[in-house]
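Residue 139 in my numbering sits at position 30 of the sequence shown, and the numbers go up by one each step.
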Amino acid sequence: MFYSPEQGHPLPFDPFKALVSPRPIAWISTVDANGAFNLAPYSFFNAVAGNPPQVMFASGGAPREGGQKDTVRNIRETGAFVINLVTWELRNQMLKTAEDIPHGESEFDSAGLRPCPSERVLPPGVLECPVRLECRKTQMVELLSENPERPNVAVFGEVVGVYIEDRMLQEGKVDAGRLDLIARMGYQDYTRITETFTL
Ligand SMILES: Cc1cc2nc3c(=O)[nH]c(=O)nc-3n(C[C@H](O)[C@H](O)[C@H](O)COP(=O)(O)O)c2cc1C
């Protein structure tokens, strides 16, 4: 089969995200200008450079005043974010933080997670997460959008601090088996890293 996305797709469900899959999940913590915490998962996410280390995530627009999700709004206001990596154990709490709750209310509270101070940026990390990347925003780029009042936005950041729980390291390397990360596939599907191989 072949289709041109600008004319829609011929399947019962849009296959696009199932094709670019799996995608790592950035569980992003931010603060707004009043110091209120926010936490939400984003799987349009990846590392985009190694030296200095840089990441990117993209947000869809939101059906509310300003047209943007809280994560993007907060980064515009305060210029920093923390990427917490999502383990198998934390999968249900991660999903809970994807719920749309009013701006200023914290998903840390609704999901029963503990914020912990970051070393180099204002937003806290998720204490329960074994890896946290502290990021300073470098650029925001408006992407093509179906509805200009709810723009898709890509956010780029420099990783200025890296926390790795010591027990996730084995002979100087990150132990993927112990870390037990999950990643997003298409539809409502996820995958868990249970097998690795070396080439
Ligand atoms: C695993 C997962 C991945 C997600 N990835 C994205 C994404 O890449 N971009 C996006 O705009 N929303 C994504 N969402 C939806 C947001 O998490 C959701 O809209 C959330 O309410 C945004 O919260 P905020 O307004 O506090 O930033 C994802 C949800 C889940 C469960």
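Heads up, the beta-carbon is just placed ideally off N, CA and C, and yes, glycines get one too. Because the structure is a prediction, the values reported are computed rather than measured.
Cβ shell of residue i (< 6 Å), same chain only, five flanking positions each side left out
i: residue 150; result: 134, 136, 203, 207
i: residue 248; result: 265
Residue i and residue j closer than 8 Å at C-beta
i: residue 194; j: residue 240; result: yes
i: residue 269; j: residue 229; result: yes
i: residue 155; j: residue 180; result: no
i: residue 132; j: residue 293; result: yes
Same chain, Cβ closer than 7 Å to residue i, neighbours up to 5 away in sequence not counted
i: residue 171; result: 177, 178, 259
i: residue 278; result: 284
i: residue 251; result: 260, 262
i: residue 184; result: 139, 190, 246, 264
i: residue 175; result: 182
i: residue 210; result: 216, 219
Environment of residue i [buried if 16+ CB atoms lie within 10 Å]
i: residue 266; result: buried
i: residue 216; result: buried
i: residue 68; result: For residue 68 there is no data in the structure shown, the boundaries of the chain being 110 and 308.
i: residue 182; result: buried
i: residue 337; result: The shown model of the chain, from 110 to 308, leaves out residue 337, and the question about it has no answer.
i: residue 214; result: exposed
i: residue 227; result: buried
Same chain only: Cβ atoms within 8 Å of residue i, ignoring 5 sequence neighbours per side
i: residue 187; result: 139, 140, 141, 142, 231, 232
According to DSSP, residues forming a beta bridge with residue i
i: residue 225; result: 234
i: residue 249; result: 264
i: residue 150; result: 136
i: residue 168; result: 262
### Query
Okay, do the region 231-239 and the region 115-129 touch, 3+ Cβ pairs below 8 Å being the bar?
Below 8 Å, too few C-beta pairs join the region 231-239 and the region 115-129 to call them touching: fewer than three.
### Any 3 or more C-beta pairs closer than 8 Å across the region 281-296 and the region 250-259
Segment contact: the region 281-296 against the region 250-259, fewer than three CB-CB distances shorter than 8 Å; contact not assigned.
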